[in-house]
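Engineer: Residue 181 is where the sequence shown starts when you use my numbering, and the numbers rise one by one after that. Where a beta carbon is used, it is the ideal one built from N, C-alpha and C, also for glycine.
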Amino acid sequence: MTASPQTATRTATTLGILAGGRATRLAGRDKAWMERGGRPLVLALAARLAPEVDATLVSANRDADRYLEQGLHPVPDRRPDAGPLGGLDALAATCATPWLLTVPVDVVNVNDCLLRSLRAAGGHGAWAEDDDGPQPLVALWPVEALRTGAAAALASGDFAVHALQARLGMVPVRFAGLRFGNLNTPADLAAAGIGP
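#1: In its own chain, which residues sit with a C-beta less than 6 Å from the C-beta of Ala-306, not counting the 5 before and 5 after it?
#2: Suppose you measure from the CA of Pro-314 to the CA of Ala-325; what does that come to, to the nearest Å?
#3: Just mark Pro-231 as buried or exposed, buried being the case when its beta carbon has 16 or more other beta carbons within 10 Å.
#4: Identify which residue in Leu-268, Glu-215, Ala-244 has its Cα closest to the Cα of Phe-388.
#5: Taking Ser-239 as the reference, which of Gly-217, Arg-228, Lys-211 has the closest Cα?
#6: Helix, strand or coil: which one does DSSP assign to Thr-277?
#7: Skipping 5 residues on each side, what residues in its chain have a beta carbon closer than 6 Å to that of Gly-266?
#8: Do Ala-272 and Arg-385 have their beta-carbon atoms positioned less than 7 Å apart in this structure?
#9: Do you know offhand how far Arg-179's Cα is from Gly-200's?
#10: Compute the beta-carbon to beta-carbon distance between Leu-195 and Leu-229, rounded to the nearest angstrom, for a pair I have assumed lies under 8 Å.
#11: Compute the distance between the beta-carbons of Thr-277 and Ala-192, then report whether it is under 7 Å.
#12: Find the nearest neighbour of Ala-226 within the set Val-283, Pro-316, Arg-242, judged by alpha-carbon distance.
#13: Just to confirm before moving on: does the CB-CB distance between Ala-308 and Phe-355 stay below 7 Å?
#14: Quick one: Cα of Cys-293 to Cα of Asp-311, how far?
#15: Can you find the residues in the same chain that come closer than 6 Å, C-beta to C-beta, to His-253, ignoring five residues on each side of it along the sequence?
#16: Using 7 Å as the threshold, is the C-beta distance between Leu-280 and Val-323 below it?
#17: Between Gly-263 and the rest of its own chain, which residues show a CB-CB distance below 6 Å, the 5 nearest in sequence each way excluded?
#18: On the criterion of 16 or more Cβ atoms from any shown chain inside 10 Å, does Thr-204 qualify as buried, or is it exposed?
#19: Give the list of continuous beta strand (DSSP E) stretches no shorter than 3 residues that lie fully inside the segment 249-320.
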């Protein structure tokens, strides 16, 4: 049984790849364009999740032309120095679907049921929890609520993503036996098979 057009519209989802960080622990190297298995991380992640989403945006604060050349839509932060919340705010402002799935560009593992599992948690949205604990940036956001909530958080100076999720009534979804991983140090890069 296929979803009706009305149901499909209500569940339409944009992938928001978070690639706007400074990578200070990696001497400023742009994680998005580091290669794993011969392919830039941002392109691999976009391709991996493309079959499950209706559109893709990239929260990115540099090299806009490079993204555009690859058919990706870069979205710069509207508020500088707000950390991940600045990226969420910019993505929400640009997103044209009711739902936004956010995933950091440097996740190492993404499982096949990520979006389905987060969606099954209900209408207030959800974030992932793996074997390493909460992963608040691996999340499914109701876009209208995110727009309002991110604006209020930025105005108040409370940039904590987990606090925003609590205010929005989002819930955790446990992914047992999975580690999304991330690439924050040279040792992380080496473990993921990414050379210097």
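Structural biologist: Answer, in terms of the structure:
#1: Leu-298, Leu-320, Met-350, Val-351, Val-353.
#2: Approximately 21 Å between the Cα atoms of the pair.
#3: Answer is exposed; the Cβ neighbour count stays below 16.
#4: Residue 388 is absent from the model: the chain starts at 181 and stops at 376.
#5: Of Gly-217, Arg-228, Lys-211, the residue nearest in Cα terms is Lys-211.
#6: Coil, per DSSP.
#7: Asp-257, Arg-259, listed in sequence order.
#8: Because the chain in this structure spans residues 181 to 376, residue 385 falls outside the shown range and cannot be described.
#9: This structure gives no information on residue 179, because the portion of the chain shown stretches from 181 to 376.
#10: Leu-195 to Leu-229, Cβ: 5 Å. Contact.
#11: Yes, the Cβ-Cβ distance between Thr-277 and Ala-192 is below 7 Å.
#12: Answer by Cα proximity: Val-283.
#13: For Ala-308 and Phe-355, yes; Cβs fall inside 7 Å.
#14: Cα to Cα, the separation comes out at about 16 Å.
#15: Excluding positions up to five away in sequence, the list reads Leu-237.
#16: In contact: Leu-280 and Val-323 (Cβ atoms closer than 7 Å).
#17: Only Phe-339 meet the Cβ criterion.
#18: Because Thr-204 carries a pLDDT of 46, less than 50, the predicted location of this residue cannot be relied on, and no value is offered for it.
#19: Complete beta strand (DSSP E) runs here, min 3: 253-255, 279-284, 306-310.
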